[in-house]
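Chains as they are written, first to last, in the working numbering: chain Y, 22 to 306; chain D, 7 to 317; chain V, 69 to 521.
Even glycine gets a Cβ: it sits at the ideal position worked out from N, Cα and C.
Structure first, commentary second.
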Amino acid sequence: MEKAIKKYWPLFVLPTFAAFVIGFIVPFAYGIFLSFCKFTTVVDWKWTGLENYTKIFFVNRKLDTTFLHSLWYTALFTVVTVVIINVVAFTIAMLLTKGIRGTNLFRTVFFLPNLIGGIVLSYIWLMIFNSVLQHFSKTIVSTEWYAFWGMVIVVSWQQIGYMMIIYIAGIQNIPGELIEAARIDGASPAQLLKSVTLPLLMPTITVCTFLSLTNGFKLFDQNLALTGGNPGRLSQLLALNIYDTMYGKTGWEGVGQAKAVIFFILVAVISIIQNRLTTSKEVQQ
Amino acid sequence: MAKKNNDPAAKKRKGADVSTVRKAKHGGLLTAIFAIISIVWISPVLIVLLNSFKRKAYIFRNPFGLSTVSITKGWDKWTAGVKKTFVGLLNYTNAIKKTNFFRSFGYSLFITVGSVLLIVLCCSMCAWYITRVKNLATQGIYLLCLFSMIVPFQMVMFTLSKFANMLHLSNPLGIIIVYLGFGAGLAVFMFTGFVKSISIEIEEAAMIDGCTPIQTYFQVVLPIMKPTVVTVAILDAMWIWNDYLLPALVLNVNKYKTIPIAVQFLKQSHGQIDWGAMMAVLVLAIVPIIVFYLIAQKYIIEGVMAGAVKG
Amino acid sequence: MKKQVISVILSAAMAAGMLAGSVVSVSAEATGKVYLLNFKPESDEAWQELAAAYTDETGVEVNVLTAAAGTYSDTLKSEMAKSEAPTIFNIGNTAAAQTWDEYTLDLADSELYSHLTDKSLSIVYNDKVAAVANCYECYGIIYNKTILSDYCTLDGAVVADPSEITSLDTLVAVAEDINSRIDEINDEFGYELTEAFASAGLDDGSSWRFSGHLANMPLYYEFKDDGADLVAGEPEIKGTYLDNYKKVWDMYVGTSAADPKTLNSGALNAEMELGMGEAVFYQNGDWEFAALTNPDNGYLVEAEDLDMMPIYFGVDDENEGLCVGTENYWAVNAKAPQEDIDATLEFLNWVITSDTGREAITDKMGLSAPFDTFTDDFASKNAFAASAAQLMADGKTSVAWSFNATPNVDTWRKDVVTALTAYTDGTGEWDAVVTAFVDGWAEQWKLAEEAAE
């Protein structure tokens, strides 16, 4: 059979592969190359070696902390959102699998924000945040921490429903008789959770953790629309910092591209760790 | 991901068992609590809806109220204040004019539907081929697809948008190809995972019966893949419909603004934001999503569940 | 064999389908097209209408894209890299002419340039006329003449007539007095006044009024002291007049009803405050005239209520006029196909000579155009432009647009705004504003030069 199919590659593989080359392979490879060049458009590049990479950290022979700031700000943001999203989503999922009345309706409501895109979502919240904060003489960009918690709220509101759905799927996958047996053995609800539910949910927890981890790390739309990086550049997450460098200042495209390469490496490392963890968990089970 | 039970019906039954066992305690109380939380949860959307009918000057001055004066000052004064606060559909007519909303809606719809169809068709075919034909090239493609899933958009945004322009892809038709290229990784990966699990005997039987590979694919393989098709379609539709940065960089935004771009441009293009028009546009942007969600809810939820298990 | 042929044909058909988009867009280029990347958000609608009118009249395709406020350089950069690049784009100053040197067509022989009344309203760079001003503009302090005159009739008013405000000190006194007597004024004349100065928004949509236009004042006087080119500037500045800048800023914030701590919320709308008769003063330019008098906006002010006075700065108040200049120069893309360049030059000429074009510029956009074709009916009807002309006739010196010299303008302004915001909401010191202003200038100048190498 393999032989019979083989010669059909122009039909089966070529369209996807051609688009993949245009949409990914060439931009990616050329992007790596350009991070070592000075350029304003893709055709008029000049090789400058590692200059772009040093310019990320040193500007005018002085340490420039903008990128480092957005790096740790992003890291902190990611950790906080991962914890909040997963704890809340898990709690709701547990309660919504108890079979209470209206479960379907509640599930529908919690999931809804996830379908609204980041830009639209952020303007909804921008209006609400500033309406409330004005009574306290503050705005969402008064300090980087108002911006921080603003983004945390928006992102949590958006993603809790999504993770909740995955947790519900995981919980429903736990065999009922297992829970029943534990209960007959006299396990308290806390013990049940700790010794039966959580261990069996580990694969689901891993998936959700890493989904929210990469989502937090790559966040852009909400950052752009809600805070615009203000005040100053203090609430710039990495993705916005890269965008700002690349499109904000003539002559700095190469530095932006170099930052993007570093960003890529960070995301790749997270993904590889995720992959390792998921695979090893599967083996254990 | 380890799956203990591959029979969905059995799974559901067990889920139900768990529910009935636990149902007894606190059911009513929990329902009440969740009803309240649900209303709070959805309230941002309701607040925007309310404010979309207000005169723009009163949106920030009185975002949660209905009238400029307190009801304690008497009914007549209060109703007069209500009249002063609300402007009917004025914000909507303004917003539709300013953003050319229906055009944006059309572009968003065209791009999303077109991209999803193309991704599902091309990537499922590609996945079937590279699973069934094992050689270095197909292995290479598979690995590249895996690899592309971990590359953030920022890494390719500059070069991708420039190449797309050089290749005349800066229009709604062209961007579909860009989406196919950038979305291929995940789609091929998910389809490949499914193809691996279906037994090759049915296909071989079809081929022996005289089917060409094309017939085999469309008459035998594709129907079996339906659940994954739905999953990929849902995940990609959610991504593309709401995507801002890729279309903003790739499309000729002069002519083609998708809904997220139209919203973002409304903020910027007139210096200070016309919050009246903004509220109306937000409502207009949300309504189609809610309608679609209510119609296709079952598929969306299942798509997300399946997508997470594989992704 | 047969199957192989079929599969190749099929895949070719699919590929062709995928490329259909490109085929269409290539073939359309034969006739010559115009693509204007417009700089001014407020004139977007008028340009779109004008473009449609031209297409109706001549069949030539004209596209207009208006960059979002504060994003012109980004948009220009990304649009220029596209295959259908703008054929007309805006450059604001000599520095931009340098950046885009390869792209600017020499306009010396164009009809457009021949109509230009004041040849200094063009940018000459690299021995060519790189760009021609399409309008000149003025800015200052817009004020509601009617309310201000009524205030002058009150007992104990600081001045007896608006024309007596001729210095910063007087202006501060008047603004403070009005602000403290809001209720009295409202009771007396039935206004709905809430403040003297309209809110000084520090959000991205409004902060340029202070980091650009108001910052122009200290820059201008310093360049003048140093004998530097008033619009090309100098690599380092001392910030000699930043105390005056502070005084004006404090007046804007102190006599406004807006909470100084929430100026960056983006919820404020200063134009609306003046338009609805809630504020008396509003620092902005003559381009606001169209918006303020446009009936669609539903504002209460009318053309005869509006006037503009200089931003008195406490340096040379008796001789100071409005800030007159432009950051709107048309440049034509030399890298566009020849037929597009021809179509573009023809279009520009039509804009400044045809009735439709002149009417759009004068009436719809409310601009004052520096071309000899704008006479009689097409002379500017803009009350603010008329004030500028009057002040010039009175022998006042117009203030040049020195802010055009700002290096890495978006970055520099962002830093100044950040410091100014912190100072205003009480979390920062004024010294930080001075640092951002002075040190930031030198640093960005150096970086901009490095980047241009």
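{"Asked": "Strand pairing of V/E263, partner residues [DSSP]", "Found": "V/A347"}
{"Asked": "V/S151 at chain D interface by Cβ criterion, 8 Å", "Found": "yes"}
{"Asked": "6 Å CB neighbourhood of V/L336 in its chain, flanking five on each side removed", "Found": "S267, G269 and A326"}
{"Asked": "CB contact flag (V/T214, Y/G253, <8 Å)", "Found": "no"}
{"Asked": "Short-range partners of chain Y found in the stretch 164-188 of chain D, where Cβ spacing is below 7 Å", "Found": "F164, T165, L166, K168, F169, L173, I183, V184, L186, G187 and F188"}
{"Asked": "V/K196: first and last residue of the uninterrupted beta strand (DSSP E) it sits in", "Found": "K196 to A201"}
{"Asked": "Presumed contact (8 Å Cβ cut-off) between Y/G275 and Y/N81, rounded CB distance", "Found": "That belief does not hold up - the Cβ atoms of Y/G275 and Y/N81 are roughly 17 Å apart, past 8 Å."}
{"Asked": "Spatial distance of Y/W93 from Y/I121 (CA atoms)", "Found": "42 Å"}
{"Asked": "Distance, V/E395 Cα to V/K101 Cα", "Found": "25 Å"}
{"Asked": "Y/P252: contacting residues in chain V (beta-carbon distance under 8 Å)", "Found": "N332, T486, T489 and A490"}
{"Asked": "Complete alpha helix (DSSP H) runs within the stretch 192-254 of chain V (minimum length 4 residues, chain order)", "Found": "213-220 and 236-248"}
{"Asked": "Between the CA atoms of V/A456 and V/A243 - distance to the nearest angstrom", "Found": "22 Å"}
{"Asked": "Test: V/E339 CB closer than 8 Å to a CB of chain D", "Found": "yes"}
{"Asked": "With 16 other Cβ atoms within 10 Å as the buried cut-off, status of D/A133", "Found": "buried"}
{"Asked": "Contact set between D/I279 and chain V, taken where Cβ atoms lie within less than 7 Å", "Found": "G273 and G334"}
{"Asked": "Cut-off 7 Å between Cβ atoms - residues of its own chain near V/C220, not counting five sequence neighbours on either side", "Found": "V227, A228, D229 and P230"}
{"Asked": "V/M377 in three-state terms, based on DSSP", "Found": "strand"}
{"Asked": "Residue from V/G389, V/L416 and V/V506 with nearest C-alpha to V/D462", "Found": "V/G389"}
{"Asked": "Inter-residue spacing [alpha-carbon to alpha-carbon] between V/M285 and D/Y299", "Found": "55 Å"}
{"Asked": "Limits of the alpha helix (DSSP H) - the one that Y/L142 falls within", "Found": "G139 to L154"}
{"Asked": "Exposure of D/I147, with buried meaning 16 or more beta-carbon neighbours within 10 Å", "Found": "buried"}
{"Asked": "The stretch 356-365 of chain V touching the stretch 281-298 of chain Y, judged by at least three CB pairs closer than 8 Å", "Found": "no"}
{"Asked": "Proximal chain V residues relative to D/F271, where beta-carbon distance stays under 7 Å", "Found": "A136"}
{"Asked": "Amino acids of chain D, ordered along the chain, whose beta-carbon sits closer than 8 Å to that of Y/E23", "Found": "R138, V139 and K140"}
{"Asked": "Any chain Y beta carbon closer than 8 Å to D/N260", "Found": "no"}
{"Asked": "Cβ pair count under 8 Å reaching 3, the stretch 97-105 of chain Y against the stretch 253-265 of chain D", "Found": "no"}
{"Asked": "Residue nearest to Y/T235 in terms of C-alpha spacing, selected from Y/L222, Y/I293 and Y/S216", "Found": "Y/I293"}
{"Asked": "Range covered by the alpha helix (DSSP H) that runs through V/S455", "Found": "A451 to A461"}
{"Asked": "V/V128 in three-state terms, based on DSSP", "Found": "coil"}
{"Asked": "Whole-angstrom distance between V/K292 and V/L239, CA atom to CA atom", "Found": "24 Å"}
{"Asked": "V/G345 vs V/E260 beta-carbon contact at 8 Å", "Found": "yes"}
{"Asked": "Proximal residues to V/V506 (C-beta, below 7 Å), its chain only, five neighbours per side dropped", "Found": "I305, K306 and G307"}
{"Asked": "Buried or exposed by the 16-neighbour rule on C-beta atoms within 10 Å, applied to V/D124", "Found": "exposed"}
{"Asked": "DSSP-derived helix/strand/coil call for V/A399", "Found": "strand"}
{"Asked": "Within 8 Å, strictly: CB atoms of Y/G138 and D/W84", "Found": "no"}
{"Asked": "CB contact below 8 Å: D/T198 versus chain Y", "Found": "no"}
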